[in-house]
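Okay, structure first, notes after.
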Amino acid sequence: MARIAVIGANGGIGSAIVAEAAARGHEVTAVVRDPDRYQGAAASVERGDVLTPADVTRVAGGQDVLVSAVGGGDGPGHVALIEPAARSLVEGLRALGDGAPRLIAVGGAGSLETAPGVRVWDAPGLPEPLLQIMHAHGAAQDYYRAVSDIRWTVLSPAAEIGPGERTGRYHTGLEQLLTDSEGRSRISIPDYAAALLDEIEQPEHIGERFTCCAL
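Basically this note's numbering = 1-based index in the sequence shown + 8.
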């Protein structure tokens, strides 16, 4: 059993991660800005703002893993949140020194490669708000790659992620966009959560980004 704190536990992906972790018997703490509104499966709830390093330090203390599942809503919201959150998370964890938990952050698919040197965000005709979301995650990814003193992992979903069933059947890769047996790049939120918890239980990607897709 691991002690896992999930920042952004009220969101669609964050709540699925909490539910998956709780179902596996882990001790889960939901970290949200308004604990009075939280109704998820976590064993305990803490108030915290991902953009406040002191809050990160407080909620991460004593945990084995800190999961960041924060999202910024629209394009400008992601620009204002995702890369600054990465910096705040690292600063807050650094304050814990050698006792800092492992960090796993929910990433984006935009910077995955569709061909050598070509990324998802290079496709023609993408709307600007979507590009802002993609590049916000890309900027956070670039920042994490420069961090060597924190045990971080970023899990990027397939190009399409949304509600669906939990099958437990998915495959993983590193920097290339993956597709399923029908040629689509997609994964359900419950299967994404399963992939993230599998990585917690059997670490294979410390210090790198990986991705998951339905089979």
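In this text, a Cβ means the ideal position worked out from N, Cα and C, and glycines have one as well.
The C-beta distance from A117 to L223 rounds to 17 Å, too long to meet the 8 Å contact threshold. Under the three-state reduction of DSSP, R177 is assigned to coil, being neither helix nor strand.
Between the alpha carbons of T180 and T65 lies a distance of about 31 Å. Secondary structure at R41: coil, using DSSP grouped into helix, strand and coil.
Proximity to G191 across E168, R41, L204 peaks at E168, based on C-alpha coordinates. In this structure, G48 lies near A17, with their beta-carbon atoms less than 7 Å apart.
Annotation note: the segment 166-213 contains the following uninterrupted alpha helix (DSSP H) runs of length 4 or greater, listed N- to C-terminal: 197-209. Taking 7 Å as the cut-off, the beta carbon of P109 is found closer than this to the beta carbon of D72. L163 places its beta carbon 7 Å or farther from that of A29. With 16 or more other Cβ atoms from the protein chains shown falling within 10 Å of its own Cβ, Q149 counts as buried. Between V39 and G56, the CB-CB gap stays under 7 Å.
Distance from the Cα of G172 is smallest, within the candidate group D188, D63, Y152, R194, for R194.
Within 10 angstroms of the beta-carbon of S52 lie fewer than 16 other beta-carbons, which makes it exposed.
Boundaries of the alpha helix (DSSP H) around L97: 83-102.
A contact between stretches requires three or more CB pairs, one per stretch, nearer than 8 Å, and the segment 142-157 meets this requirement with the segment 94-101. Between V75 and I112, the gap from beta carbon to beta carbon is short of 7 Å.
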